[in-house]
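Taken in order, the sequence shown gives residues 17 to 402; the numbers are from my numbering. Before any comments, here is the structure.
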Amino acid sequence: MKRLSILGSTGSIGTQTLEIVRENKNGYVVEALAANSNIDLLEAQVREFKPRITAIGDKNKYAELKSRINGLTHITAGQDGVVEAAAAEGSDTVLSAIVGIAGLIPTYNAIKSGKNIALANKETLVTAGRIITGEIKRNKVMMLPVDSEHSAIFQSLRSGRHSEVSRLILTASGGPFRNKSQEELEKVSLSDALKHPNWSMGRKITIDSATLMNKGLEVIEARWLFDIMPENIEVCIHPQSIIHSAVEFVDGSIIAQLGLPDMKLPIQYALTYPDRMPLGGKKLSLTEVGSLTFEKPDMDRFKCLKLTFKALSMGDSACVVLNGANEEAVRLFLEGKISFLDIGNLIEKTLDMHEVIDNMNIDDVVTLDKWSRETLYNKYQMRCCK
Ligand code: NAD
Ligand code: MG
């Protein structure tokens, strides 16, 4: 029996996690739920899963939520309220699926409270990988990947020892603009960018998948999760999204994990590890798929991917800036204020302004994140991007 705190319960990962819970009611107890503002869905989830604690990130929604579910659950609000849900006494595992850096402090506090983490929120490791992995060791907890690529690597790593690994191969679908020329990329629209060919996800990660920033963030996530240097991580475009990622060992053997593009498998494996449980849904038929193809990524057309390797070579603080600038740029793009290519251009200009800071603590990360958002926003206002 797993006792769960689900952070980001109304999102794409959160709702799929609750579907897994619904299908195996004897396997899980939901101790806490946390979401930002969708109180209609949160109310329905409280009525169905009966969490002891429910947190609403947006304080303006607290009164309305309370009027609807008063007496059914203890309701908390704001970041402190989400932290309370993350550290809820009685829960043993925190499913971390808030989007963006808003997931960092709750996840950090969950680790400090001795919870195992099923991690979907990649921004936690992108911005604070060194701090978080240190806390994981200190608190003797596990961090299990939910991101499909990292779950694939995690599963593949069971074939050998860490010292026998030579390379991680992270696959990427290439997103909706894989075959677009630079001239065509100048004209793509928001609705084009929101149409991912293989996966159905939240809006921010869908845009990140179109720019390939998502793959860049995943390279940083893999660097920390598996303690592998960036030069030993290769990105490979694989448009069918069947091979979810792979590990090459020192003898040249490559072990991969395959499956249909469905997040339920990696979510469930993060919750049941080291066991495997049956899972409904269609299974992969290799003969139906027919062929699998692979390409090198084009780092010039997809500048965001190149910028992540640059940030990694600059240092930890540059990864905070990359992430914060990206969150702000994606927000502006989603609001229709900047073009698709402006995303990479504005992030690059923000990164150029950054002077690397050593030995950051968690407060430094939060401060630098704010600086990067403000700097990108100022650049946007000055219209200095081409
Ligand atoms: P989403 O936008 O669908 O959901 C985000 C969730 O976070 C919502 O429940 C929202 O209410 C909550 N949230 C946002 N800000 C909050 C705050 N300040 N306080 C409390 N709750 C807050 O996003 P998603 O697609 O589910 O992605 C979530 C995370 O998982 C992201 O970091 C993403 O990169 C990662 N991820 C997602 C997928 C996927 O298939 N969707 C795959 C791999 C990794
Ligand atoms: Mg992924």
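Backbone N, C-alpha and C fix where the C-beta goes; we use that ideal spot for every residue, glycine too. Since we're looking at a predicted model, the values are computed, not measured.
Short Cβ contact (8 Å threshold) for residue i with residue j
{"i": "leucine 350", "j": "arginine 219", "result": "yes"}
{"i": "leucine 367", "j": "alanine 327", "result": "yes"}
{"i": "serine 388", "j": "glycine 340", "result": "yes"}
{"i": "glutamate 390", "j": "leucine 323", "result": "no"}
{"i": "leucine 362", "j": "alanine 345", "result": "yes"}
{"i": "valine 110", "j": "isoleucine 133", "result": "yes"}
{"i": "glycine 145", "j": "isoleucine 244", "result": "no"}
{"i": "cysteine 320", "j": "glycine 352", "result": "no"}
{"i": "threonine 149", "j": "tryptophan 215", "result": "no"}
{"i": "asparagine 377", "j": "isoleucine 147", "result": "yes"}
{"i": "lysine 75", "j": "glycine 94", "result": "yes"}
{"i": "glutamate 80", "j": "arginine 183", "result": "no"}
{"i": "threonine 143", "j": "valine 336", "result": "yes"}
Burial state of residue i (16 or more Cβ within 10 Å)
{"i": "proline 313", "result": "buried"}
{"i": "isoleucine 29", "result": "buried"}
{"i": "glutamine 171", "result": "buried"}
{"i": "glycine 97", "result": "buried"}
{"i": "glycine 275", "result": "buried"}
{"i": "proline 290", "result": "exposed"}
{"i": "leucine 141", "result": "buried"}
{"i": "alanine 238", "result": "buried"}
{"i": "threonine 303", "result": "exposed"}
{"i": "glycine 116", "result": "buried"}
Residues near residue i by beta carbon distance below 8 Å, same chain, minus five either side
{"i": "leucine 308", "result": "His254, Gln256, Ile258, Ile259"}
{"i": "lysine 280", "result": "Gln32, Glu35, Ile36, Leu295, Gly297"}
{"i": "aspartate 163", "result": "Leu135, Ala136, Lys138, Glu234, Glu237, Pro282"}
{"i": "leucine 300", "result": "Ile258, Leu274, Gly275, Leu276"}
Distance between residue j and residue i (C-alpha atoms, nearest Å)
{"i": "asparagine 125", "j": "asparagine 195", "result": "42 Å"}
{"i": "phenylalanine 356", "j": "lysine 203", "result": "8 Å"}
{"i": "cysteine 401", "j": "glutamate 199", "result": "Its pLDDT being 48, under 50, cysteine 401 is placed unreliably by the model, and the measurement read from it follows with that caveat. Cα to Cα, the separation comes out at about 17 Å."}
{"i": "leucine 23", "j": "serine 205", "result": "31 Å"}
{"i": "alanine 103", "j": "lysine 128", "result": "8 Å"}
{"i": "glutamine 61", "j": "alanine 71", "result": "12 Å"}
{"i": "valine 382", "j": "tyrosine 44", "result": "33 Å"}
{"i": "tyrosine 396", "j": "serine 207", "result": "21 Å"}
{"i": "phenylalanine 318", "j": "threonine 222", "result": "15 Å"}
{"i": "asparagine 375", "j": "phenylalanine 325", "result": "20 Å"}
{"i": "glutamate 105", "j": "glutamate 59", "result": "22 Å"}
{"i": "glutamate 343", "j": "asparagine 40", "result": "35 Å"}
{"i": "asparagine 52", "j": "lysine 82", "result": "14 Å"}
Identity of the residue in the options nearest residue i by Cα
{"i": "lysine 386", "options": "Ala118, Lys322, Ala79, Ala71", "result": "Ala118"}
{"i": "leucine 135", "options": "Ser112, Ile147, Gly360", "result": "Ser112"}
{"i": "isoleucine 36", "options": "Ile283, Met315, Ile378", "result": "Ile283"}
{"i": "alanine 272", "options": "Asn214, Glu165, Arg154", "result": "Glu165"}
{"i": "isoleucine 69", "options": "Asn54, Glu80, Asn86, Lys77", "result": "Asn86"}
{"i": "lysine 231", "options": "Ile185, Val372, Val266", "result": "Ile185"}
{"i": "alanine 50", "options": "Phe318, Asn40, Pro67", "result": "Pro67"}
{"i": "threonine 26", "options": "Asn42, Asn40, Val157, Ile55", "result": "Ile55"}
{"i": "asparagine 137", "options": "Ser83, Leu120, Gly73", "result": "Leu120"}
{"i": "leucine 201", "options": "Val372, Ser167, Asp358, Ser182", "result": "Asp358"}
{"i": "valine 99", "options": "Lys82, Ser83, Thr123, Lys77", "result": "Thr123"}
{"i": "threonine 227", "options": "Leu81, Val263, Ala188", "result": "Ala188"}
{"i": "glycine 176", "options": "Lys156, Asp380, Ile270, Ala48", "result": "Ile270"}
{"i": "asparagine 394", "options": "Ala101, Leu348, Ile373, Val372", "result": "Leu348"}
{"i": "glutamate 247", "options": "Glu64, Val181, Tyr285", "result": "Val181"}
{"i": "alanine 101", "options": "Phe193, His178, Ser21", "result": "Ser21"}
Same chain only: Cβ atoms within 6 Å of residue i, ignoring 5 sequence neighbours per side
{"i": "serine 225", "result": "Gly191, His212"}
{"i": "glutamate 311", "result": "Ile253"}
{"i": "leucine 210", "result": "Thr222"}
{"i": "asparagine 155", "result": "Ile127, Gly130"}
Close beta carbons around residue i, own chain, < 7 Å, minus the five adjacent residues each side
{"i": "isoleucine 152", "result": "Ile127, Met159"}
{"i": "lysine 18", "result": "Gly43, Tyr44, Asp108, Thr109, Leu287"}
{"i": "methionine 398", "result": "none"}
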